[in-house]
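Here is the structure we will look at, set down as structure tokens.
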Amino acid sequence: MNYIWAAMVVFSLIAGTVTGNVEGVLTAGLEGAGAAFETVLGFAGIMCFWSGILALCEKGGLANLISKLLSPLLRRVFGKSMAMPHIAMNVTANLLGMGNAATPAGINAMQELDRENNGRRTPSRAMSIFAVMNTASLQIVPTTVAAMRAKTGAASPFDIMPAVWITSTVSLAAAVIAVLVLTRKYD
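Heads up, the sequence shown stops at 193 in the working numbering, and the numbers go up one at a time, no gaps.
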């Protein structure tokens with residue numbers, strides 16, 4: 007990726023030199039860097055907010071409550087894993103579209119699933135399913151995307167919800183089916 011980025015910068019500078027517009031290339035580069043910084047700063051605020059909300063939920067015992075509510079479904083997939091509270095928080099954060107805020111719970115869940123895997127070098131089926139559930143997550147309320155759309159001036163930031171429901175459901179189903187087929191093939 008670094009090579010691609012470097013090649014793009016060099017190509018832009020060469021094109022700017024050949025066309026006599028080096029100043030335009032440099033100005034665009036600086037403006038782009040400024041816009042990127044503002045975007046990252048906005049994301050950081052959103053991530054901090056939702057991470058704090060999830061931490062409060064976890065400390066307040068909401069993780070255990072959510073785990074109990076989701077346990078009939080999650081138990082069919084993960085059995086009686088000690089990672090269940092972390093898995094439930096991760097799934098909840100993903101359901102609410104809090105993407106990056108789901109990461110700490112996801113890391114804790116994967117560490118616990120790894121301990122339960124008894125140090126084997128290959129992931130267990132539960133680890134594989136959790137990884138794809140986390141990556142191709144089902145979203146009910148895409149809060150992060152809606153916040154980004156609101157920040158960029160969208161008149162109705164949540165009007166994407168039906169498309170998000172369809173695509174996240176299809177991608178999650180395809181990912182879980184792929185894991186089940188492939189783990190059965192290689193077990």
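By construction, the Cβ of each residue, glycine as well, lies at the ideal position given by its N, Cα and C atoms.
* Alpha-carbon spacing of Arg81 relative to Val16, whole angstroms -> Rounded to whole angstroms, Arg81 to Val16 spans 53 Å at the Cα level.
* Just tell me which of Leu75, Asn124, Val97 has its CA closest to the CA of Ile4. => Here the chain has residues from 7 to 193 only, and residue 4 is not among them.
* Inter-residue spacing [alpha-carbon to alpha-carbon] between Pro110 and Gly30 -> For Pro110 and Gly30, the gap between their C-alpha atoms comes out near 42 Å.
* Asked: CB-CB under 6 Å to Pro168, same chain, minus the five flanking residues each way: which ones, in chain order?
  -> By the criterion of a C-beta distance shorter than 6 Å, Pro168 is surrounded by no residue of its chain, once the five residues flanking it on both sides are discounted.
* Which value, in whole angstroms, describes the spacing of the CA atoms of Glu44 and Gly38? -> About 10 Å.
* Asked: Quick one: is His150 buried, meaning 16 or more other Cβ sit within 10 Å of its Cβ, or exposed?
  -> Sequence check: residue 150 is Thr here, not His. With 16 or more Cβ atoms within 10 Å of its Cβ, Thr150 is classed as buried.
* To do: Determine, using beta-carbon pairs with one atom in the segment 120–134 and one in the segment 86–96, whether at least three such pairs fall under 8 Å.
  => Under the Cβ criterion (8 Å, minimum of three pairs), the segment 120–134 counts as touching the segment 86–96.
* Asked: Between Ala115 and Ile93, is the Cβ-Cβ spacing less than 8 Å?
  -> Their beta carbons are under 8 Å apart, which means Ala115 touches Ile93 by this criterion.
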